[in-house]
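A.B. asks: The structure's right below; bear with me while I get my questions together.
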Amino acid sequence: LAALFHVNKQGFTDSIKTRYSKKKQIVIDSNVNSFLEGYNWTKENIKKTDSYSFEGIKLPQKKEKLIITGNQLVAQAALDANLAFYAGYPITPATKIMEILSKELPKHGGTLLQTEDEIAAIGAVIGAGYGGKRAMTATSGPGFALMTEFTGLSVMAEVPAVIINSQRAGPSTGMPTKTEQSDFNSAIFGGTGDCPRIVLAPTDTKSCYEAIVLALYLAEKYQTLVVVLLDFFLSNSIKNIEIPQKPSPEYLKANIAPNIDDLKDYQRYKLTENGISPRAIPGTPGGIFFSTGLEHNEYGRPDYSQSCHLKMTQKRFKKFNCVLSEAPKPEISVTGKSEFDIGVISWGSSAGAAHEAVMSAQKQGINASSFSSMMISPFPEKALIEFSNKCEKILIPELNFSGQFAKFATSILKRPVEKLNFITGRPMASEDILQKIRDM
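Residues in the sequence shown are numbered consecutively from 3, following the working numbering.
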């Protein structure tokens, strides 16, 4: 091909030398010679019948790129964001994250623990979070179901923990090697009692990096559970992306530690204006406190009174008032118009297909726009309502049977929406969304 299209062979030989730079010189030379022999043979023996040529064309300088999967990028993001502890149990499609971290995390001074099951994994993560370490686990639907009771402990005891749920088709063991978006409800509502948590859902491979950095930061700062919803498609699809920028310093250490005055009469669950209490790491002089899954007072001591349960529930919810200000803004397609015939609202891995379908619809003269948000809980309700008010009709495509996100969005919008649901086990296709837009 290099010979047929008159591509400068120097670039190829340089790439070969780089690719095999760790090999012996004889290996490098043999590969370079093989390329040159093929190049010269093509020049001498194959007659070119078209006019296409790259001769003399200088390609623009581009930023360095990576060819990478979502799982690989998740592992890299965790390392860059100062992950200190990972516990997990192998499960498709999340296992690759643990495989990578088992090799790389110890090199960064961290610890990886393969546990006997998912219950032990989340227990270990919460234990590490209690000890002041950034901790994370990754699983899929069946494993996430086992972790549910511990998610409540993370919220009640206000211990940072990050769970990645790479969704697969379910329920139960389901179809381990097929993709689906059917754990939306369990991610947001799973557990007992009023159990608020942060939920993020990256929309493409590149945003997997941002989601993990943000998850570890938010878990530590807001002292709570953060769930990151991937799926089989996002975890395993290979993409060519620009190398992500490393996290800025403020994302690497977010714990709000108690000051000297706080430690004179330390209240681990002190009532504050924003709901975030100063968190002493065990071993801090004067920072002794009780930590329990029981309802408790400011000192962590069990207290079942009506007044205590009310003020502590309010405290746990109050923390989330500030989360949206730190989250990425929703992605809205820009068309220059103020009103639309059709608005497509999507989440997770379906967002890419939705945005692509809307762009195709616009080229066909259909007045459409799209909306997606990485932040799922708390959801940017104001932005969603503002978008909805500009649209005559709303379409919500997703990969589950019952339209879980559509029902959630309807509860916010208080208006009917058109649903497009697939449970084929394959990723959402932009052509299917485009056809639905045409039919509307």
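Built from N, CA and C at the ideal position, the CB exists for glycine as well. Please read these numbers as outputs of a predicted model, since none were measured by experiment.
(1) What are the start and end residues of the alpha helix (DSSP H) that includes Asn391?
(2) How is Glu212 classed by DSSP in three states: helix, strand or coil?
(3) Going by the CB atoms, is the gap between Ile378 and Ala203 shorter than 8 Å?
(4) For Ala431, collect the residues of the same chain with a Cβ closer than 8 Å to its Cβ; drop the 5 residues on either side in sequence, then sort them by chain order.
(5) Who are the Cβ neighbours of Leu273 in its own chain at under 7 Å, not counting the five residues just before and after it?
(6) Here's the rule: buried if 16 or more other CB atoms are within 10 angstroms of the residue's CB, otherwise exposed. What is Phe87?
(7) When the distance is taken between beta carbons, is Leu103 closer than 8 Å to Ile121?
(8) For Leu75, tell me which candidate among Asp206, Lys395 and Asn187 has the shortest Cα-Cα distance.
(9) In terms of alpha-carbon separation, which member of Pro198, Met100 and Thr175 lies closest to Thr153?
(10) Would you check if there are 3 or more beta carbon pairs closer than 8 Å linking the region 421 to 438 to the region 354 to 368?
(11) Using the beta-carbon count (16 or more within 10 Å), is His110 buried or exposed?
(12) To the nearest angstrom, report how far apart Gly405 and Lys421 are at their CA atoms.
(13) Run the CB neighbour count on Thr51, radius 10 Å, all protein chains shown included, and call it buried at 16 or more, exposed below.
(14) Rounding to the nearest angstrom, what Cα-Cα distance links Leu296 and Asn73 in this structure?
(15) Confirm, please, whether the CB-CB distance from Val164 to Ala217 is below 8 Å.
(16) Contact defined as beta carbons within less than 8 Å: I believe Ile439 pairs with Ile344. What is the distance between those atoms, to the nearest angstrom?
(17) Where DSSP assigns a beta bridge to Val230, which residues make up the other side?
(18) I'd like to know whether the C-beta atoms of Phe14 and Phe56 end up nearer to each other than 8 Å.
(19) Would you please state the rounded distance, in angstroms, between the beta carbons of Ala5 and Lys45? I believe it to be under 8 Å.
(20) Residues in the same chain with beta-carbon distance under 8 Å from Leu326, minus the five sequence neighbours each way, listed in chain order, please.
(21) Would you give the residue range spanned by the alpha helix (DSSP H) that Asn423 belongs to?
(22) Determine the direct distance from the alpha carbon of Asp185 to that of Leu3, and round the result to whole angstroms.
(23) In the DSSP output, what is Asn276 paired with across the bridge?
(24) I need the boundaries of the beta strand (DSSP E) containing Thr412, first residue and last residue.
(25) Could you give the residue range of the alpha helix (DSSP H) that holds Leu158?
(26) With Leu3 as the anchor, note down where its alpha helix (DSSP H) starts and where it stops.
(27) Could you have a look at Phe87 and say whether DSSP puts it in helix, strand or coil?
(28) What's the gap between the Cα of Lys19 and the Cα of Thr94?
C.D. replies: In brief:
(1) Glu383 to Asn391
(2) Glu212: helix per DSSP, three-state reduction.
(3) yes
(4) Ala355
(5) Glu300, Lys313 and Lys317
(6) buried
(7) no
(8) Asp206
(9) Pro198
(10) yes
(11) exposed
(12) In this structure, the CA atom of Gly405 is about 7 Å from the CA atom of Lys421.
(13) exposed
(14) 36 Å
(15) The beta carbons of Ala217 and Val164 sit closer together than 8 Å.
(16) 6 Å
(17) DSSP links Val230 through a beta bridge to Ile166 and Leu202.
(18) no
(19) 5 Å
(20) Met377, Pro380 and Pro382
(21) That residue, Asn423, is in no alpha helix (DSSP H); its beta strand (DSSP E) goes Glu420 to Asn423.
(22) 46 Å
(23) DSSP, once it has assigned bridges, lists no residue as partnering Asn276.
(24) Run containing Thr412: none in the beta strand (DSSP E); it sits in the alpha helix (DSSP H), Gln406 to Leu415.
(25) Per the sequence presented here, residue 158 reads as Met, with Leu not at that position. Taken as a continuous stretch (DSSP letters only), the alpha helix (DSSP H) holding Met158 covers Thr150 to Ala159.
(26) Run containing Leu3: none; DSSP gives neither H nor E here.
(27) strand
(28) 37 Å
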